[in-house]
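Going by our numbering, the sequence shown opens with residue 137, and the numbers climb by one from there.
Cβ atoms here follow ideal geometry from the backbone N, Cα and C, with glycine treated the same way.
The model shown is predicted, which means the values in this text are computed figures rather than measured ones.
Taking it in order: structure first as structure tokens, then the write-up.
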Amino acid sequence: MATIEEALGIALDHLKAGRQAEAVDLYGRILEAAPDNPDALHRLGLLAALGGDRERGMAMIARSVELDGGDADAQFNLGALLHVALRTEEAIAAYRRALALRPDFPDAEYHLSEALQAIGRIGEALEVLDALLARHPHFVPGWRQKGDIEADLGRPGAAVSFYEMALAIDPRDEGSRERLAAQAAAYRARRAILDGAGPDGRLDLRDVTVLVPFRADSEDRKRNLRWIVSFLFKHADTTVLIGEDKAGPSDVADALGPELAARCRHLHLTGNDTPLTHKAHLLNRMVEAADTPIVALHDTDIVVDPVQYALARDAVRGGAAMAFPYNGLFFWILGREVHRFGHTLSAAPLNAVCLRFPLMHRDSPGGGAFFNRAALLEAGGYNERFVSWGYEDDEIVERLRKLGLRVERVPGPLYHLEHARPENSTDRNPFIDANKAELERIQAMDADALRADVAAGRLRRPLFSSAG
Numbered sequence: 137m138a139t140i141e142e143a144l145g146i147a148l149d150h151l152k153a154g155r156q157a158e159a160v161d162l163y164g165r166i167l168e169a170a171p172d173n174p175d176a177l178h179r180l181g182l183l184a185a186l187g188g189d190r191e192r193g194m195a196m197i198a199r200s201v202e203l204d205g206g207d208a209d210a211q212f213n214l215g216a217l218l219h220v221a222l223r224t225e226e227a228i229a230a231y232r233r234a235l236a237l238r239p240d241f242p243d244a245e246y247h248l249s250e251a252l253q254a255i256g257r258i259g260e261a262l263e264v265l266d267a268l269l270a271r272h273p274h275f276v277p278g279w280r281q282k283g284d285i286e287a288d289l290g291r292p293g294a295a296v297s298f299y300e301m302a303l304a305i306d307p308r309d310e311g312s313r314e315r316l317a318a319q320a321a322a323y324r325a326r327r328a329i330l331d332g333a334g335p336d337g338r339l340d341l342r343d344v345t346v347l348v349p350f351r352a353d354s355e356d357r358k359r360n361l362r363w364i365v366s367f368l369f370k371h372a373d374t375t376v377l378i379g380e381d382k383a384g385p386s387d388v389a390d391a392l393g394p395e396l397a398a399r400c401r402h403l404h405l406t407g408n409d410t411p412l413t414h415k416a417h418l419l420n421r422m423v424e425a426a427d428t429p430i431v432a433l434h435d436t437d438i439v440v441d442p443v444q445y446a447l448a449r450d451a452v453r454g455g456a457a458m459a460f461p462y463n464g465l466f467f468w469i470l471g472r473e474v475h476r477f478g479h480t481l482s483a484a485p486l487n488a489v490c491l492r493f494p495l496m497h498r499d500s501p502g503g504g505a506f507f508n509r510a511a512l513l514e515a516g517g518y519n520e521r522f523v524s525w526g527y528e529d530d531e532i533v534e535r536l537r538k539l540g541l542r543v544e545r546v547p548g549p550l551y552h553l554e555h556a557r558p559e560n561s562t563d564r565n566p567f568i569d570a571n572k573a574e575l576e577r578i579q580a581m582d583a584d585a586l587r588a589d590v591a592a593g594r595l596r597r598p599l600f601s602s603a604g
């Protein structure tokens with residue numbers, strides 16, 4: 137009779153030779169004799185996962201690791217299954233344990249970089265890849281992953297170079313070939329927009345009205361409005377409409393100065409005598425006041441590369457009802473770099489340093505969006521049942537998609553300029569729970585019910601005030 141060690145060797149031979157059924161049978165018999173054998177648990181767990189039972193496979197490999205944490209392959213395979221299950225932080229920990237046991241483990245480093253990128257720790261992902269490629273310059277997936285990161289950051293030229301590197305090493309790498317084609321097209325689109333700028337360098341966005349809802353709830357907010365409006369006029373020939381929903385005199389001239397304020401249109405709703413904005417109501421009135429076929433929500437504190445404005449405008453021209461001028465990456469810019477933006481009025485320095493700052497969201501629906509004005513109004517506009525901050529951006533994406541309208545994104549990230557955050561700008565506002573409930577109500581509805589809500593005016597309500 138074979139010993140456990142001999143049986144494990146035979147089972148591994150079956151596994152390496154592709155005789156999975158024989159391997160499953162033998163590993164099963166080993167576990168009948170020795171239920172806590174970590175090697176059998178690991179290998180049978182891997183076979184279970186490959187056969188489609190990922191939960192059982194993950195549980196078996198986790199038990200193997202619990203019994204013997206010194207197997208780098210088991211740690212890696214556990215990380216891979218956790219990664220697929222979107223338990224990304226746990227996957228990262230498992231990959232790191234595998235690398236602690238086997239520092240030169242290219243597959244573990246590559247998967248670690250993917251996992252780090254997936255949760256927004258892009259700078260760390262690049263550090264892992266740089267170390268990997270320094271030791272293994274012919275590791276094709278590493279170059280492809282570097283291309284993916286550059287594409288995420290809106291740098292198609294750099295992305296192309298890394299995909300070309302991968303293909304130079306392995307011309308059969310179809311993943312790199314497909315992504316190279318996509319990023320080359322993105323580079324050409326970007327180049328065409330820049331080449332089409334006017335003699336003053338500005339992009340022609342005359343068919344767009346940029347809607348900037350504004351509440352002067354801090355000196356930071358007034359400063360950011362001045363910088364953002366200056367940025368828009370520096371880079372685009374467009375109309376800027378600033379909206380306020382506050383009782384008493386306007387704060388726009390004080391924030392912008394008379395010369396800059398005179399270049400903007402202004403809509404002032406004076407009925408809201410509270411510190412809480414009714415942004416959805418205000419935006420709808422701004423959309424109605426606009427006279428261009430495309431309108432663009434632009435929060436006071438956000439910056440994107442101006443080329444991304446033109447790409448989003450072109451997406452709406454091409455049939456999208458809504459187009460985000462960024463890909464969902466939402467970087468939180470802090471400290472000195474906020475002031476550097478105010479001096480340069482350029483997104484380029486922010487792109488250069490963004491990896492030093494927190495990535496707040498990977499798939500953000502907030503900050504800014506371009507709309508086909510007629511389609512937005514027909515779909516009910518913004519939902520005025522939302523008051524103050526929270527969930528209104530999620531809701532409009534949900535509703536437009538349910539109504540069968542196209543929602544698109546364009547390449548490149550968004551940068552948020554830090555500012556003081558009074559109650560109105562946080563989840564401490566008194567409407568956050570009601571806003572969440574309204575989002576959930578919309579999520580539960582089908583397209584016909586949504587159309588009935590719009591037709592009945594149930595997404596509209598009077599401007600919020602202390603009277604209710």
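Integer Cβ distance of residue i from residue j, believed to fall under 8 Å
i	j	result
alanine 287	arginine 315	7 Å
leucine 447	valine 546	4 Å
leucine 495	phenylalanine 467	6 Å
valine 423	arginine 521	That pair is no contact at about 17 Å.
aspartate 437	histidine 555	5 Å
proline 442	histidine 371	4 Å
glycine 503	leucine 550	5 Å
proline 558	proline 335	In fact, because the Cβ distance is near 43 Å, the residues do not count as touching under 8 Å.
leucine 634	leucine 347	Residue 634 lies beyond the residue range present for the chain, which begins at 137 and ends at 604; the question has no answer from this structure.
alanine 426	threonine 345	4 Å
alanine 261	isoleucine 285	6 Å
leucine 405	leucine 418	6 Å
histidine 272	isoleucine 305	Contact flag wrong, Cβ pair sits at about 11 Å.
aspartate 387	alanine 333	No, aspartate 387 and alanine 333 are not in contact; Cβ-Cβ is about 33 Å, not under 8 Å.
valine 440	tyrosine 462	5 Å
Buried/exposed call for residue i, threshold 16 Cβ in 10 Å
i	result
leucine 470	exposed
threonine 562	exposed
lysine 382	buried
serine 200	buried
glutamine 444	buried
threonine 413	buried
alanine 585	exposed
histidine 475	exposed
leucine 222	exposed
lysine 152	exposed
glutamate 225	exposed
arginine 257	buried
arginine 535	buried
arginine 357	buried
Identified DSSP bridge partners for residue i
i	result
alanine 352	DSSP output for alanine 352 lists no bridge partner at all.
leucine 339	Ala372
tryptophan 363	Note: tryptophan 363 sits in no beta bridge, so no partner.
arginine 401	Leu377
leucine 550	Phe466
threonine 345	Thr375, Val431
leucine 495	Phe467
leucine 508	Correcting the residue identity first, residue 508 is asparagine in this sequence and not leucine. Asparagine 508 pairs with Ile430.
phenylalanine 460	Arg545
valine 439	Tyr551
Residue of the options minimising C-alpha distance to residue i
i	options	result
alanine 267	Ala254, Leu396, Ser249	Ser249
leucine 396	Asp427, Leu361, Ala457, Thr410	Leu361
histidine 497	Asp427, Asp356, Gly464	Gly464
tryptophan 279	Ser297, Thr375, Pro292, Ala398	Ser297
alanine 573	Leu599, Leu512, Val523, Arg476	Val523
glycine 526	Asp569, Gly516, Leu512	Asp569
alanine 457	Leu513, Gly384, Ile329, Asn173	Leu513
alanine 605	Leu182, Asp306, Gly283, Ile305	Limits of the chain in this structure are 137 at one end and 604 at the other, which puts residue 605 out of reach.
aspartate 207	Val220, Pro273, Asn173, Ala322	Asn173
proline 349	Arg596, Gly311, Ala505	Ala505
proline 566	Ser602, Gly187, Gly593, Asp204	Ser602
alanine 483	Asp161, His219, Gly290, Val220	Gly290
alanine 170	Asp149, Leu203, Phe600, Glu380	Leu203
Cβ shell of residue i (< 6 Å), same chain only, five flanking positions each side left out
i	result
aspartate 530	Pro501, Leu575
tyrosine 163	Ala147, Ala176, Arg179, Leu180
alanine 184	Arg192, Gly193
asparagine 627	Lying before the first or after the last residue shown, residue 627 is absent from the chain, which here runs from 137 to 604.
isoleucine 329	Val443, Ala446
asparagine 213	Leu182, Ile197
proline 292	Gln319, Ala322, Tyr323
glycine 259	Leu491
Residues of its chain near residue i, where Cβ-Cβ distance is below 7 Å and the 5 sequence neighbours each way are ignored
i	result
isoleucine 228	Leu248, Ala251, Leu252
glutamine 211	Val201, Ala230, Arg233, Ala234, Leu237
Residues near residue i in its chain [Cβ-Cβ closer than 8 Å; skip 5 each side]
i	result
aspartate 309	Val276, Arg280, Ala302, Leu303
leucine 539	Ala515, Ala583, Leu586, Arg587
valine 452	Ile430, Met458, Ala459, Phe506, Phe507, Asn508
Residue-chain proximity (residue i, chain D), Cβ-Cβ < 7 Å
i	result
asparagine 360	The structure shown has no chain D; it contains just one protein chain.
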